[in-house]
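Q: Here's a structure for you.
2 protein chains.
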Amino acid sequence: MNTVRARSQKRGSPSPQILRAVLRLREMILTGQLPAGQRVAELKVVDAIGVSRTPLRLAMETLEHEGLLARRPSGGFTVREFTLRDVQQALELRGSLEGTACRFATESRASQDLAPLWQLVGDMDEVLRASQPTVETLNRYVVLNERFHDTLIDLAGNALLGRLMNQVHGLPFASPSAFVQAQATSTESFRILLVAQEHHRTIVQAIADGDGARAEALAHEHARLALRNLDAAVRDIEAFKRLPGSVLVKMGA
Amino acid sequence: MNTVRARSQKRGSPSPQILRAVLRLREMILTGQLPAGQRVAELKVVDAIGVSRTPLRLAMETLEHEGLLARRPSGGFTVREFTLRDVQQALELRGSLEGTACRFATESRASQDLAPLWQLVGDMDEVLRASQPTVETLNRYVVLNERFHDTLIDLAGNALLGRLMNQVHGLPFASPSAFVQAQATSTESFRILLVAQEHHRTIVQAIADGDGARAEALAHEHARLALRNLDAAVRDIEAFKRLPGSVLVKMGA
DNA sequence: GAAGCCAAGATTGCATGCATTCTAGGCCAA
DNA sequence: TTGGCCTAGAATGCATGCAATCTTGGCTTC
Chain Y
4 MNTVRARSQK RGSPSPQILR AVLRLREMIL TGQLPAGQRV AELKVVDAIG
54 VSRTPLRLAM ETLEHEGLLA RRPSGGFTVR EFTLRDVQQA LELRGSLEGT
104 ACRFATESRA SQDLAPLWQL VGDMDEVLRA SQPTVETLNR YVVLNERFHD
154 TLIDLAGNAL LGRLMNQVHG LPFASPSAFV QAQATSTESF RILLVAQEHH
204 RTIVQAIADG DGARAEALAH EHARLALRNL DAAVRDIEAF KRLPGSVLVK
254 MGA
Chain E
4 MNTVRARSQK RGSPSPQILR AVLRLREMIL TGQLPAGQRV AELKVVDAIG
54 VSRTPLRLAM ETLEHEGLLA RRPSGGFTVR EFTLRDVQQA LELRGSLEGT
104 ACRFATESRA SQDLAPLWQL VGDMDEVLRA SQPTVETLNR YVVLNERFHD
154 TLIDLAGNAL LGRLMNQVHG LPFASPSAFV QAQATSTESF RILLVAQEHH
204 RTIVQAIADG DGARAEALAH EHARLALRNL DAAVRDIEAF KRLPGSVLVK
254 MGA
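Line by line, the protein sequences are chains Y and E.
Numbered according to this note's numbering, the first sequence spans residues 4 to 256.
Numbered according to this note's numbering, the second sequence spans residues 4 to 256.
Following this line, the structure appears as structure tokens:
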């Protein structure tokens with residue numbers, strides 16, 4: 004249910020009450036308990052998650068920076084609403100950032116070890132070997148996929164890039180595995196998954212070859228797949244609504 | 004204590020006390036009043052800027068997201084310290100993001116109007132026409148330069164990109180005009196400035212030609228100039244120390 | 001003299017009260 | 001009925017008190 008938030012939390016984590024508030028509040032937003040576009044009533048939330056107003060306000064400040072809340076001119080916050088275009092733009096930007104990561108990784112590859120990436124590619128191959136994956140294997144794929152993308156970012160060796168990437172991943176549908184769950188059902192989507200995996204492999208190969216430009220181009224291509232997945236998901240509204248974070252997206256008429 | 008409070012701020016800006024705290028605190032950090040690497044004592048700061056602890060803590064949360072403060076594991080915050088490498092990485096990333104902006108701008112140029120960019124380029128030409136610019140003209144250049152870079156980002160039409168860019172600009176030396184002031188003094192630096200201006204022109208030209216790849220490459224090249232400026236600045240420690248934000252940078256041996 | 005331990009002071013995190021501001025809903029006038 | 005105004009209740013922003021935790025300095029012990 005909770006979209007992914009599993010990155011290496013190297014930064015000092017907030018105090019328990021704030022952390023609790025951030026986690027619960029984020030969940031309430033992504034599950035639609037707090038309707039998109041609507042004001043967040045502090046007292047209701049305080050009541051729902053059992054912390055006092057002070058840590059809650061700190062948490063809201065955090066979620067504002069993450070982009071899930073927006074400040075109201077007259078005070079307080081609203082749950083931010085996303086258009087389909089917002090999601091598309093986030094996906095495009097993710098592709099660009101990952102492309103940048105590939106380039107950086109290639110340039111500073113000198114003493115880099117690509118073995119972890121190869122390992123992850125191999126593991127994902129394993130999962131996809133079955134012609135019709137189960138929910139369990141797909142869950143495993145999600146984990147591996149996220150780890151792959153995280154590792155790629157880490158390999159770039161640019162801490163700031165990692166932070167920005169985290170911010171992007173916090174937005175609805177912008178995390179690497181956002182669509183994987185929906186891809187189990189449709190055969191066409193599953194084919195996209197196979198192509199994506201081929202991208203993974205060739206990206207690592209390009210980095211190994213020192214071909215940063217190719218790696219970057221592949222990352223862009225990889226992101227385009229996400230855009231296609233978005234298209235496919237939108238076409239099947241019912242399936243779309245089951246994806247986490249979909250409640251935040253206002254479908255254009 | 005507090006008597007009158009002007010609500011109805013412009014869209015999305017924090018309440019007055021928080022805003023005040025953010026601004027003053029940021030200033031205290033960048034001027035070195037709060038030494039880098041050291042813990043921020045809430046009570047001292049409260050005393051110095053005249054807001055109570057609650058809005059100050061909100062402000063610290065904001066500056067943490069900006070990257071100027073870091074959470075201490077045992078509570079509270081420290082002023083974040085940057086290495087030269089951090090600064091370099093931020094500059095590299097800025098180049099990549101601006102390159103991305105150029106590409107996006109080119110791709111969605113359909114009904115875009117490049118006139119503002121041309122205008123800014125012309126105005127900057129004007130400023131640089133003098134063989135030896137004064138402090139005043141340089142100040143004007145700073146304004147124009149920042150506006151140019153902002154406009155470029157806007158032209159990309161990707162709101163998320165704008166947000167990330169803002170975050171980058173908040174880091175020491177990562178804003179577009181960080182080195183301009185130091186470039187008035189040295190003749191060599193001034194030449195770099197002329198090259199930078201040539202970049203501006205060719206970037207706009209490339210966008211106008213629909214040549215996104217060229218525009219992107221030029222933006223990367225443009226950022227490399229900033230890296231050279233950083234090198235030059237570091238060589239002249241005294242001048243370096245006069246640049247805003249330098250107190251945050253720990254010079255490696 | 002150095003290392004470890006302890007206590008008093010300092011500091012943070014949290015909860016809550018209060019004043020100000022916003023807002024929903026009713027009432028009056030056109 | 002519709003539109004605008006007004007008021008009472010609700011919500012927010014802020015200040016501050018309190019308890020728990022951390023830190024610093026000194027003391028003991030080896």
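We put the CB at the ideal spot given by N, CA and C, even for glycine.
Keep in mind it's a predicted model, so treat the numbers as computed, not measured.
#1: Counting only C-beta atoms, is Arg74(Y) closer than 7 Å to chain E at any point?
#2: Given a threshold of 16 other Cβ atoms within 10 Å of its Cβ, counted over all protein chains shown, does Ser178(E) qualify as buried or as exposed?
#3: Once DSSP output is grouped into helix, strand and coil, what is the label at Phe243(E)?
#4: For a test of the three-state rule: what should DSSP assign to Arg74(Y), helix, strand or coil?
#5: Is it buried or exposed, Thr188(E), if we count other Cβ atoms within 10 angstroms and call 16 or more buried?
#6: From the beta carbon of Asn232(E), is the nearest beta carbon of chain Y less than 7 Å away?
#7: When Cβ atoms are compared, which residues of the segment 206-225 of chain Y fall closer than 8 Å to chain E?
#8: If we cut at 7 Å on Cβ distances, does Thr103(Y) have a partner in chain E?
#9: Report buried or exposed for Ile295(E), applying the criterion of at least 16 other Cβ atoms within 10 angstroms of its Cβ.
#10: For Glu210(Y), which of Arg74(Y), Glu30(Y), Ile32(Y), Ile156(Y) has the nearest alpha-carbon?
#11: Quick one: which chain E residues come within Cβ less than 9 Å of Arg42(Y)?
#12: What did DSSP end up calling Phe176(Y) once you bin it into helix, strand or coil?
#13: By the criterion of Cβ-Cβ separation under 7 Å, what are the contact partners of Gly15(Y) in chain E?
#14: Which value, in whole angstroms, describes the spacing of the CA atoms of Ser249(E) and Val198(Y)?
#15: Taking only the alpha-carbon atoms, compute the straight-line gap between Lys47(E) and Val146(Y) and give it to the nearest angstrom.
#16: Hey, Ala24(E) and Pro58(E) are a contact pair by Cβ (cut 8 Å); roughly how many whole angstroms apart?
#17: Assess contact between the segment 95-114 of chain Y and the segment 51-69 of chain E, defined as three or more Cβ pairs (one per stretch) separated by less than 8 Å. Is contact present?
#18: Check the DSSP bridge columns for Arg42(Y) and list the partner residues they point to.
#19: In chain Y, which residues lie less than 8 Å from Arg29(E) when you measure between Cβ atoms?
#20: Give the single residue among Thr154(Y), Met127(Y), Val82(Y), His152(Y) whose Cα lies nearest to the Cα of Asn142(Y).
#21: Below 8 Å on the Cβ atoms is my contact criterion, and I expect Gly70(E) with Gly173(E) to pass it. Report the Cβ-Cβ distance as a whole number of Å.
#22: With the cut-off set at 7 Å, would you say Ala236(E) and Cys105(E) are in Cβ contact?
#23: Using a Cβ cut-off of 9 Å, which residues of the segment 123-151 of chain Y contact any Cβ in chain E, in chain order?
#24: Which residues in chain Y sit within 8 Å of Ser18(E), going by Cβ to Cβ distance?
#25: Measuring only the C-alpha atoms, how far is Gly215(E) from Val207(E)?
#26: Nearest CA to the CA of Leu66(E): which residue from Leu94(E), Val171(E), Phe107(E)?
#27: Taking the alpha helix (DSSP H) that Leu100(E) belongs to, which residues open and close that run?
#28: What does Leu59(E) reach in chain Y if we use C-beta pairs closer than 7 Å?
#29: Looking at the structure shown, is Arg8(E) part of a helix, part of a strand, or coil, going by DSSP?
#30: Take Gln91(Y) as the anchor and find which of Phe151(Y), Leu228(Y), Lys244(Y) has the nearest alpha-carbon.
A: Checking against the coordinates, here is how it stands:
#1: yes
#2: buried
#3: helix
#4: strand
#5: exposed
#6: no
#7: none
#8: yes
#9: Any answer about residue 295(E) is impossible in this case: the structure gives chain E only from 4 up to 256.
#10: The residue you asked about is not Glu; residue 210(Y) is Ile in the sequence shown. Looking at the Cα atoms, Ile156(Y) is the closest of the given residues.
#11: Result: empty, since nearest Cβ-Cβ is about 14 Å, beyond 9 Å.
#12: coil
#13: Ala73, Arg74, Arg75, Pro76
#14: 47 Å
#15: 46 Å
#16: 5 Å
#17: no
#18: Thr81(Y)
#19: Here the premise fails: no neighbours, minimum Cβ distance about 15 Å.
#20: Met127(Y)
#21: 7 Å
#22: no
#23: none
#24: Gly78
#25: 10 Å
#26: Val171(E)
#27: 87-110
#28: Within chain Y, no residue comes near Leu59(E); the closest Cβ sits about 12 Å away, beyond 7 Å.
#29: Residue placement at Arg8(E) is poorly supported in this model, since its pLDDT is 39, which falls under 50; the coordinates are not used for a value here.
#30: Leu228(Y)
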